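Enquirer: What follows is a structure written as structure tokens; I'll ask about it next.
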Amino acid sequence: MAVNTKIALVTGGSRGLGKNMAIAIAKKGIDVIVTYKSKKDEADAVVKEIEGLGQKAVSLQLNVADSSTFDGFFSNVSEVLKSTFHADKFDFLVNNAGIGIHNSFIGTTEAEFDQLTNIQFKGPFFLTQKGLNVMNDGGGIVNISTGLARFSFPGYAAYAAMKGAIETLTKYEAKELGTRKIRVNVVAPGAIETDFGGGVVRDNEQMNQQIASVTALGRVGLPDDIGGVVAFLCTEEARWVNAQRIEVSGGMML
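Below is the structure:
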């Protein structure tokens, strides 16, 4: 009897942590839909890499900052579920897409605040709400937070506050979606060497060394440190992990 392959939807999956998550999930034998905002070529390259692992994959355009597009986006999801995956619904949603704005509390503008709200909080809130219509019962949602919701580095007040909101939302989602046996968890990366925030952790040697010095394992994080944890939460082995915040930071600021 054929086993029904699970399907995961990873937002912001064309590069950085999202790309790593999507590939790690595929390595677990799960098919993947990745979204991109503008970098279609990069997203298509991720699709090819996943197909090389023997899994089905497709890329779809999505701007998480614009919730008015979500109904149309999930119409596209329904179409590719039928055409590419021969399925009606998907199983896992990874709310990864995001940006970082580095500015002091005093210097943060309303425009920056609104942009962060739309991308980091309003987007995942309503994307998840709309996505439930095409999600199977018994699946899972992984929200991405940050170590900065636990410890403070100046310049991230608005960003970290949005992630704190996501962490609270995760508990409510887990409680309310439990009737559908949908698990909801948070993965909170520490500082990672990616393009995020202009690549400051990767490219600023002083920043890199400072973070390493306050991390128990003595270095900053790499994308490969994160994807596998997200992938684990999309497996049967994680079936009893629910409403948890899993920080993946190598022990920052202990």
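Sequential numbering of the sequence shown, starting at 889, is according to this note's numbering. Here a beta-carbon is modelled for each residue, glycine too, at the ideal position from N, C-alpha and C. All figures in this text were calculated on a predicted structure; none of them were measured in a lab.
Can you check whether the C-beta of Met1023 is within less than 8 Å of a C-beta belonging to chain B?
Expert: Absent from the structure is chain B; it holds one protein chain and no more.
Enquirer: Would you please state the rounded distance, in angstroms, between the beta carbons of Ala1062 and Val1072? I believe it to be under 8 Å.
Expert: With a Cβ gap of about 4 Å, Ala1062 and Val1072 count as contacting.
Enquirer: Below 8 Å on the Cβ atoms is my guess for Ala931 versus Val922; work out the distance and round it to an integer in Å.
Expert: Right, their Cβ atoms sit about 6 Å apart.
Enquirer: Quick one: what's got a C-beta closer than 6 Å to Thr1058's C-beta in the same chain, skipping five residues either side?
Expert: So the list reads Asn1031, Val1072 and Val1074, once near-sequence residues are dropped.
Enquirer: Which partner residues does Tyr1047 have in the DSSP bridge list?
Expert: In the DSSP output, where bridge partners are listed per residue, Tyr1047 has none listed.
Enquirer: Going by other Cβ atoms of all chains shown within 10 Å of its Cβ, with 16 needed for buried, is Met889 buried or exposed?
Expert: For Met889, the predicted model reports a pLDDT of 42, less than 50, meaning its position is unreliable; a value from the coordinates is still stated below. Exposed: under 16 other Cβ atoms inside 10 Å.
Enquirer: Mind checking whether Ile1054 and Phe1084 have CB atoms under 8 Å apart?
Expert: Taking 8 Å as the Cβ cut-off, Ile1054 and Phe1084 do not qualify as a contacting pair.
Enquirer: Can you list, in chain order, the residues of its chain whose CB lies under 7 Å from that of Asn951, leaving out five sequence neighbours each side?
Expert: Result list for Asn951: Lys925 and Thr957, in chain order.
Enquirer: Does the Cβ-Cβ distance between Gly1109 and Ala1100 come in under 8 Å?
Expert: No.
Enquirer: Is Thr957 near the ligand COA, judged by its Cβ being under 7 Å from some heavy atom?
Expert: Looking for the ligand COA in the displayed structure turns up nothing, as the structure carries no ligands at all.
Enquirer: Would you mind sorting Ser902 into buried or exposed? The rule is 16 or more other CB atoms within 10 Å of its CB.
Expert: It is buried - the Cβ of Ser902 has at least 16 other Cβ atoms within 10 Å.
Enquirer: Give the straight-line distance between the Cα atoms of Lys988 and Leu1004, rounded to the nearest whole angstrom.
Expert: The identity of residue 988 in the sequence shown is Gly, whereas the question assumes Lys. Each residue's alpha carbon lies about 8 Å from the other.
Enquirer: Measuring only the C-alpha atoms, how far is Phe993 from Pro1042?
Expert: Between Phe993 and Pro1042, the C-alpha separation is close to 8 Å.
Enquirer: Have a look at Gly995, Ala1131 and Val934 and flag the residue whose alpha-carbon is nearest the alpha-carbon of Arg1046.
Expert: Reading off the sequence, residue 1046 comes out as Ala, not Arg. The shortest C-alpha separation from Ala1046 is found at Gly995.
Enquirer: If we call anything under 8 Å between Cβ atoms a contact, is Asp1112 one with Asn908?
Expert: Yes, Cβ-Cβ distance for Asp1112 and Asn908 is below 8 Å.
Enquirer: Identify which residue in Ser1033, Pro1012 and Asn1130 has its Cα closest to the Cα of Glu1064.
Expert: Considering only alpha carbons, the answer is Asn1130.
Enquirer: How should Thr1103 be labelled, buried or exposed, when 16 other C-beta atoms within 10 angstroms of its C-beta is the threshold for buried?
Expert: Classification for Thr1103: buried.
Enquirer: Suppose you measure from the CA of Ile918 to the CA of Val982; what does that come to, to the nearest Å?
Expert: Cα to Cα, the separation comes out at about 13 Å.
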